[in-house]
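Numbering (our numbering), first residue to last: 82 to 146.
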């Protein structure tokens, strides 16, 4: 029997959206020249989403036990 398709969890979708936002922001600011603080600011959404994703993955793993 075919298994119903399951959609990615909300934190995984948040991580994917944050990666798109960070990549877009970084690519638009890269044309103006390289500056480390701009690069850090562009990667901030991805870092925050990664932290949320990791925390929810650990809490889901603890609930399953």
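A virtual CB, placed ideally from N, CA and C, is assigned to each residue, including glycine. The structure presented is a predicted model; accordingly, all values stated were derived computationally and were not measured.
The beta carbons of residue 126 and residue 103 sit closer together than 9 Å. Around the beta carbon of residue 123, 16 or more other beta carbons lie within 10 angstroms, which makes this residue buried.
Cβ atoms of residue 89 and residue 137 stay farther apart than 8 Å, at about 12 Å. Between residue 129 and residue 100, the C-beta spacing is not below 9 Å.
With respect to the 9 Å criterion, residue 96 and residue 134 are classified as neighbours on the basis of their beta carbons.
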